[in-house]
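Chains as they are written, first to last, in our numbering: chain Z, 49 to 437; chain A, 67 to 430.
Accompanying notes for the structure given below.
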């Protein structure tokens, strides 16, 4: 039995999504840009998907630009805003705990004359709204913040940031890849100019995402070619992906509160069990003001890498930090930014639940995880590895 | 339930075939590639510029996919830096010539990796080494040379004791390299014809002296003079880490006859040179001596053969244990240059009895 507790990396497709894509695969083809009836049908299906995604975040379908996923949306938002910015705006404000698809483009811009201000989080992974707003002035081209942190699940309160950005005419981008499907999203309420969403985090297929672009926001394309997506994102759209994204969005729109409540109960149960059976286990992040599905825990005396592999061999799938190109695990930059030592970050695992997590999964995980921890801490205590570091 | 084995995979043909053979034999195989060095060695290939030796790991991963067993890259960089690279540097600074492959086996593959194996409930650790392990009727384990003597790697494995041998598998010990390549091709492994790795993995350009200089504090470099046995100074040198006993080239001296390094005195920075016949020694003192089966060495003097470098033949000798874990080894017929820091490994015929690290040569 496999117990999949890595939904923050990607959720399996929901049954309705699988069925919808299978059906569409048999009936929908062609290029939505084509003039003929087949093209017209493809276009109608694509636009329906766009409406479904728009509904999920309370946006107009015209503000939804389909991309290949969260990474492309973040790249488009950041490079697009930087390119469109006035020449006297050469500063970007962000946090130190963003996803690599935000951090790497920003580092690139840093090498091209932009100044990047990275606000450090507190020990619980909270990014101070005051610190962010204090850094926003007339020289700022873009403010980019994750709404829900991928590793610790902390929710950032962005309303005040949106106001501060609007006051000085800076663009405000929210990376909501980890938020969509876990918290209710209304772009008007959030006050953002740009927002990244991704399908596979909510049970849609991987390889499709969207960028919300507030009508009138100044954004330059980064993918050049045909006139698709109003010229902002060239390339024949991923039709089947969009269909799956649309279905997933509709499923989530209708059941968000129920699903979140159910997952919260399961996650809290698991946390309770682990806290009771693993002395010294530590919860990373804030207990309130977070998405309930994410548990980031430091397991005392073990290497997370060893624990992760041991759990995988027992059928429990979790994650840690990020994988490098060769597949080795790098400790989480989010945890070190939160003030954890490198050793603590190396002892930490992320457990993330999702739409298909069952009570039975949690019963098993609550039994397996402490048992594996005891074995690993005995066989390979981490302190001797740490002593030489 | 079939026994579970953790196979150390480098991406090379040997460890790939080892893993594949164990899988065929019905073991539950878990493949691991060890990330040992901080970054990929400099290379002309841009793909090498990523964080690990990406291509080698990908080769190992492809084998695992093909043979359908789980595969993980594990991060042992800190252990490797402290226990293998650190030792390598301090040995060179101390005027000795280390053998990091022996250290890596002792400290990483058969210690650190074994802890990981226990954490993963594996019964065995396996590698692609060419050596053989046998269990006798009395339940004692014996380490033997590989069937293919040209590939024999038992020299690097002398630190394995009874408890390590009991849980180690060398699936290639009875195979010839050509057979291994054949098996790799038959199994459809993409790396069947991959060339052998030769250099020390963390010094791919083979320039050990420069590596030591980069890794060491400048104050720790022992500069000094090249001198004759009689104490006559011949030249200045840039540090004892540039020399190894027996070395002839690169001494920076023009003499009428060939000169060789006889001895390196790190404390004074003196590198003593002499003629070829002055290199020969009567024997050596070894330290950190370990026996594969300590029962062997209850007696006073033991006749055996000793190998003082990987590529040297084993020489008949007499071993006498000294206090602690030191031993005195006397060559029966006089021996060649003895290089402090290198491993000396004790054999009787095909069997490895144990070994240690050369502390110093014994004069005739």
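By construction, the Cβ of each residue, glycine as well, lies at the ideal position given by its N, Cα and C atoms.
- Going by C-alpha positions, residue 346 of chain Z is about 51 angstroms away from residue 414 of chain A.
- Beta-bridge pairing by DSSP links residue 422 of chain A to A:410.
- Within the segment 409-425 of chain A, contact with chain Z at the beta-carbon level (separation under 8 angstroms) is assigned to no residue.
- The segment 165-231 of chain Z is shown to contain whole beta strand (DSSP E) runs of 3 or more residues at 188-194, 219-223, in chain order.
- For residue 302 of chain A, no alpha helix (DSSP H) encloses it; the enclosing beta strand (DSSP E) starts and ends at 299-303.
- Restricted to the segment 157-225 of chain A, the beta strand (DSSP E) segments that are unbroken, complete and at least 3 residues in length are 190-192, 197-201, 207-211, listed in chain order.
- When DSSP states are grouped into helix, strand and coil, residue 329 of chain Z belongs to the coil group.
- Shown in chain order are the members of the segment 417-430 of chain Z whose Cβ falls below 9 angstroms from a Cβ of chain A: 420, 423, 424, 425, 426, 427, 428, 429.
- Under the Cβ distance rule, residue 212 of chain Z does not count among the residues neighbouring chain A, no pair being separated by less than 7 angstroms.
- Residue pairing by DSSP places residue 344 of chain Z opposite Z:332, Z:398 in a beta bridge.
- For residue 128 of chain Z, the enclosing alpha helix (DSSP H) begins and ends at 118-132.
- For residue 410 of chain Z, there is no enclosing beta strand (DSSP E); the residue is part of the alpha helix (DSSP H) that begins and ends at 407-427.
- Against chain A, the beta carbon of residue 357 of chain Z has neighbours under 7 angstroms at 138, 186, listed in chain order.
- Rounded to the nearest whole angstrom, the CA to CA distance from residue 88 of chain Z to residue 76 of chain Z is 10 angstroms.
- Within chain A, the C-beta atoms nearer than 8 angstroms to that of residue 361 of chain Z come from 96, 136, 186, 187, in chain order.
- For residue 356 of chain A, the uninterrupted beta strand (DSSP E) run begins and ends at 347-357, by DSSP.
- Residue 297 of chain A sits exposed, since fewer than 16 C-beta atoms from the chains shown fall within 10 Å of its C-beta.
- Non-local beta-carbon contacts of residue 208 of chain A in its own chain, meaning distances under 6 angstroms to residues more than five positions away in sequence, involve 200, 417 in chain order.
- From the listed residues A:405, A:407, A:223, A:333, the smallest Cα separation to residue 236 of chain A is found for A:223.
- Annotated as distal: residue 343 of chain Z and residue 366 of chain Z, with beta-carbon spacing of 7 angstroms or more.
- Of the residues Z:123, Z:130, Z:55, Z:332, the one whose Cα lies closest to the Cα of residue 150 of chain Z is Z:123.
- In the structure shown, the three-state DSSP call for residue 292 of chain Z is helix.
- DSSP places residue 256 of chain Z outside both helix and strand once states are collapsed to three, so it counts as coil.
- Look at the segment 334-359 of chain Z: the residues with a C-beta under 9 angstroms from a C-beta of chain A are 350, 351, 353, 354, 355, 356, 357, 358.
- Cβ-Cβ separation between residue 241 of chain Z and residue 219 of chain Z: approximately 5 angstroms, consistent with a contact (criterion under 8 angstroms).
- With its beta carbon less than 7 angstroms from one in chain Z, residue 101 of chain A belongs to the interface.
- Counting the other Cβ atoms within 10 Å of the Cβ of residue 74 of chain Z gives fewer than 16, which makes it exposed.
- Not one beta carbon of chain Z lies nearer than 7 angstroms to the beta carbon of residue 356 of chain A.
- Residues of the segment 378-407 of chain A with a C-beta atom less than 7 angstroms from some C-beta of chain Z do not occur.
- Remark: fewer than three beta-carbon pairs, one from each stretch, lie closer than 8 angstroms, so the segment 188-197 of chain A and the segment 418-432 of chain Z are not flagged as touching.
- Remark: fewer than three beta-carbon pairs, one from each stretch, lie closer than 8 angstroms, so the segment 302-310 of chain A and the segment 342-350 of chain A are not flagged as touching.
- In summary, residue 202 of chain Z is buried, with 16 or more beta-carbon neighbours lying within 10 Å of its beta-carbon over all protein chains present.
- With 16 or more other CB atoms across the displayed protein chains lying within 10 angstroms of its CB, residue 192 of chain Z is buried.
- Non-local C-beta neighbours of residue 235 of chain Z in its own chain, meaning closer than 8 angstroms and more than five positions away in sequence, comprise 105, 106, 107, 111, 243, 260, 262, ordered along the chain.
- Between residue 376 of chain Z and residue 141 of chain A, the beta carbon gap of about 5 angstroms places them in contact (Cβ cut-off 8 angstroms).
- Here residue 261 of chain A has no same chain residue with a Cβ atom under 7 angstroms from its own Cβ, once five neighbours each way along the sequence are excluded.
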